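S.K.: Here it is, the structure, as structure tokens.
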Amino acid sequence: MSETLLKIENLKKSFGKLEVLKGLSTEIRKGEVVVMIGPSGGGKSTFLRCMNLLEQPTEGSIIFDGIDIVSADDKTKNRVRSEMGMVFQHFNLFPHLTILDNITLAPKLVRGASAAEAERKAMELLRLVGLEDKAKAYPQQLSGGQKQRVAIVRSLAMEPKVMLFDEPTSALDPEMVGEVLDVMKDLAKHGMTMVVVTHEMRFARDVATRVLFLEGGRIAAEGTPAEIFDGRHDGRLGEFLGKVRVGTEFRDKVKSELFDILKDREVSEDELARLKDLLAGNNPEK
Amino acid sequence: MWQAFCDEFYLCFLKPAGDGSLRGEYLLRGLGVTLEVALFAILLGLVIGFLVAVIRSSHNKYGYFSFLNAVSKVYLTIIRGTPMVVQLLITYYIILKSVDSKVLIAILAFGINSGAYQAEILRAGIESIDPGQMEAGRALGLSYWRAMLKIILPQAVRNVLPALGNEFIVLMKDTSIVGYIALIDLAKGGDIIRSQTYSVYLPYLTVAAVYLMLVMTFTWLLGKLERHLRNTGADPVHNDS
Ligand SMILES: Nc1ncnc2c1ncn2[C@@H]1O[C@H](COP(=O)(O)OP(=O)(O)O)[C@@H](O)[C@H]1O
Ligand SMILES: [Mg+2]
């Protein structure tokens, strides 16, 4: 078994009176791909954000590189964050900067890299995700899938020891989910340590080395993808997996029916966008 | 008619005043004072505005700087709750009694005043930025201040550029009250010519035209800047990255 990168012990987080994380303990080892699943509001995002201290945990410890980062000083916390990449659901690219500047900002400011060196590396990474021709573009000129690939590259430019993903494909049109998952699969193959919150069960099954089921602020179940997805579970996990399964199957059925019906018809951009939203499971009112 | 105008023009602008210089020089020198006071007051206001805006928005969002936030609130309340003329008189006769330079006094009074308005404009700009921007910056290892400076403020300023430009215009015109501390700016220059010549039309209309030209030039420059920012594609207002 490989070396432990993050050792989380009895992690608790409250927002005011609301206790969101109720004592989580786990270890993330080098090269692992840990996928977190669970119902909305279960604390997945909060757990992820505690790992890189975007949220200050209320109690417990996180050992990273041999030190407890929960009680570290601000300077150490900044350094720790620079060594952990994070990818957000809504990309959070910097709209006032070009793609290249988005990627080189932190290496230059935090690591003191020279402009030439930072740009050389950024271009190399952009090439890996097939976006080198977008270096001079601004974020709003990119599609959602492209934005997310840039966001991943922006994190990678800091050469992080671990990458945290919070529902990286949830805000994407269905046809763009694949291109982002492919980049993540590639990363996993190259040995990147990853913690991924996602509803993409196929990705979890194919790529995860371990699956955590978070529910009500606790790790309610944990195991290999085979154990989680193929085993019989009662209680919350069984219920959750059932819902996800039915949801995906139902969506796939509707999708193929719709394609049949719409094959030879004219569909307006607007109608298409609404359908995509529905199929992606997004609330069209949002 | 033409002859009458020429006589009036000569009387108001070209006839030597008491000290041998031309009357028109009151306006030229006054224009210099107006520009000097307005420019430096805007800059001072920007510095104060940025500090107060960052303190206030950091406090509102993250609970930082409780004491400085309280000081800022007192400052905003007093400045925005009293007339500019009164602030100018208090600065001149009470606070900076021992300072000789009236220009310096005017710059300080107007800068401190404008800082309060600029602070509130900038604070609205900072608070309009998606919190995800700060988080993305922090997640990359930037300190709070670095992220504020490099990520939040550039976007905030762009979002409030029209409001900020408007405040600069208001400030520039408001400097016309410096006559209260006997500082000769553009407006006071025109007034002096009127008092020496008993001619009202030409001095005042000329002064008005010069102010108008200043404002129009500035508005044009600001529009150019806004268009430039839009054309580079870096316009965060219409964007959800
Ligand atoms: N900043 C916050 N302030 C108050 N409550 C929060 C905050 N962030 C999350 N919560 C609450 O914590 C709970 C868990 O949220 P979250 O970690 O986002 O769950 P998940 O990602 O699993 O959907 C929810 O009830 C949510 O409302
Ligand atoms: Mg979440």
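Protein chains in written order, with the working numbering: chain A, 7 to 292; chain B, -5 to 235. The C-beta atom is built at its ideal place from N, Cα and C for all residues, glycine as well. What you are looking at is a predicted structure, and each value in this text was computed from that prediction instead of being measured.
(1) Taking all protein chains shown into account, decide if Ile171 of chain B is buried (16 or more other Cβ within 10 angstroms of its Cβ) or exposed.
(2) Using the beta carbon as the reference atom, which residues fall closer than 5 Å to any heavy atom of ligand 1, ordered along the chain?
(3) How long is the line joining the alpha carbons of Tyr56 of chain B and Asn63 of chain B, rounded to whole angstroms?
(4) Any beta carbon of chain B sitting closer than 9 Å to that of Glu291 of chain A?
(5) Any beta-carbon of chain B closer than 9 Å to the one on Ala112 of chain A?
(6) With distance defined between alpha-carbon atoms, name the residue in A:Lys259, A:Asp266, A:Ala227 and A:Lys282 nearest to Pro45 of chain A.
(7) Check whether the Cβ of Pro63 of chain A lies closer than 9 Å to any Cβ atom in chain B.
(8) Nearest to Arg257 of chain A by CA position, among A:Arg211, A:Pro180 and A:Ala143, is which residue?
(9) To which residues of the same chain is Ser51 of chain A closer than 6 Å at the C-beta, ignoring the five residues directly before and after it?
(10) Just to confirm my understanding: we take Lys191 of chain A, look at its own chain, exclude 5 residues before and 5 after, and list those with CB closer than 7 Å. What are they?
(11) If we ignore side chains and look at the alpha-carbon of each, how far apart do Gly150 of chain A and Gln127 of chain B end up?
(12) Since Gly135 of chain B and Met198 of chain A should fall inside the 8 Å C-beta cutoff, what is the C-beta to C-beta distance between them, to a whole number of angstroms?
(13) Which runs of the alpha helix (DSSP H) fall wholly inside the region 56 to 122 of chain B and span at least 4 residues, in chain order?
(14) Can you find the residues in the same chain that come closer than 7 Å, C-beta to C-beta, to Asn233 of chain B, ignoring five residues on each side of it along the sequence?
(15) Got a sec, what are the start and stop residues for the alpha helix (DSSP H) Ala181 of chain B sits in?
(16) So which of A:Leu162, A:Asp266 and A:Gln95 has the shortest CA-CA distance to Leu193 of chain A?
(17) Based on the DSSP output, what are the partners of Leu247 of chain A in its beta bridges?
(18) Chain A beta carbons: is any one of them nearer than 9 Å to that of Glu129 of chain B?
(19) With a threshold of 7 Å on Cβ separation, who are the neighbours of His96 of chain A within its own chain once the five nearest residues in sequence on each side are excluded?
(20) Assign Lys23 of chain A to buried or exposed, taking buried as 16 or more other Cβ atoms, counted over all protein chains shown, within 10 Å of its Cβ.
(21) Which value, in whole angstroms, describes the spacing of the CA atoms of Phe94 of chain A and Pro174 of chain A?
(22) Is Pro101 of chain A close to chain B, meaning its C-beta is less than 9 Å from at least one C-beta of that chain?
(23) Should Thr211 of chain B be labelled buried (16 or more other beta-carbon atoms within 10 Å of its own) or exposed?
(24) Which residues in chain A have a C-beta closer than 7 Å to the C-beta of Lys182 of chain B? List them in chain order.
(25) For Ser149 of chain A, does the three-state DSSP call read helix, strand or coil?
(26) Can you list, in chain order, the stretches of the alpha helix (DSSP H) that have 4 or more residues and sit fully within the region 114 to 178 of chain B?
(27) Using a Cβ-Cβ cutoff of 9 Å, what residues of the region 143 to 157 of chain B are near chain A? List them in chain order.
(28) How should Ser88 of chain A be labelled, buried or exposed, when 16 other C-beta atoms within 10 angstroms of its C-beta is the threshold for buried?
(29) Taking 9 Å as the CB-CB limit, is Asn58 of chain A close to chain B?
(30) Taking the beta carbon of Ile209 of chain A as the centre, do at least 16 other beta carbons fall within 10 Å, making it buried, or is it exposed?
(31) Report buried or exposed for Gln(-3) of chain B, applying the criterion of at least 16 other Cβ atoms within 10 angstroms of its Cβ.
(32) Using a C-beta cutoff of 9 Å, does Gly39 of chain B count as contacting chain A?
(33) Check whether the Cβ of Met164 of chain A lies closer than 9 Å to any Cβ atom in chain B.
(34) Taking all protein chains shown into account, decide if Asn289 of chain A is buried (16 or more other Cβ within 10 angstroms of its Cβ) or exposed.
(35) Starting from Ala32 of chain B, find everything on chain A with Cβ-Cβ shorter than 9 Å and list it in chain order.
(36) Enumerate in chain order the residues of its own chain whose CB-to-CB distance from Lys28 of chain A is below 6 Å, with the five nearest sequence positions on each side excluded.
M.R.: Reading from the atomic positions:
(1) buried
(2) A:Phe21, A:Val26, A:Ser46, A:Gly47, A:Gly48, A:Gly49, A:Lys50, A:Ser51 and A:Thr52
(3) 12 Å
(4) Low confidence applies to Glu291 of chain A: its pLDDT is 44, below 50, so where it sits in the model is not reliable enough to give any reading.
(5) yes
(6) A:Ala227
(7) no
(8) A:Pro180
(9) Asp172
(10) Val213
(11) 17 Å
(12) Not a contact, Cβ separation roughly 18 Å.
(13) 60 to 75, 78 to 84 and 96 to 121
(14) For Asn233 of chain B, the predicted model reports a pLDDT of 45, less than 50, meaning its position is unreliable; a value from the coordinates is still stated below. If we look at Asn233 of chain B and ignore the five residues flanking it on each side, it has no Cβ neighbours.
(15) Leu180 to Thr191
(16) A:Leu162
(17) Looking at the DSSP assignment, Leu247 of chain A forms no beta bridge with any residue, so it has no partner.
(18) yes
(19) Ala177
(20) exposed
(21) 6 Å
(22) yes
(23) exposed
(24) Those do not exist, as Lys182 of chain B stays about 42 Å from chain A at its closest Cβ, beyond 7 Å.
(25) coil
(26) 125 to 133, 138 to 141, 147 to 153 and 155 to 168
(27) Lys144, Ile145, Pro148, Gln149 and Arg152
(28) buried
(29) yes
(30) Sequence inspection shows Phe at residue 209 of chain A; the Ile mentioned does not correspond to that position. Result: buried.
(31) exposed
(32) no
(33) yes
(34) Interpretation of Asn289 of chain A is limited by its pLDDT of 49, a score under 50 that renders its predicted location unreliable; no figure is taken from the coordinates.
(35) Near Ala32 of chain B there are no residues of chain A at all, since even the closest Cβ is about 28 Å away, more than 9 Å.
(36) Gly223 and Arg224
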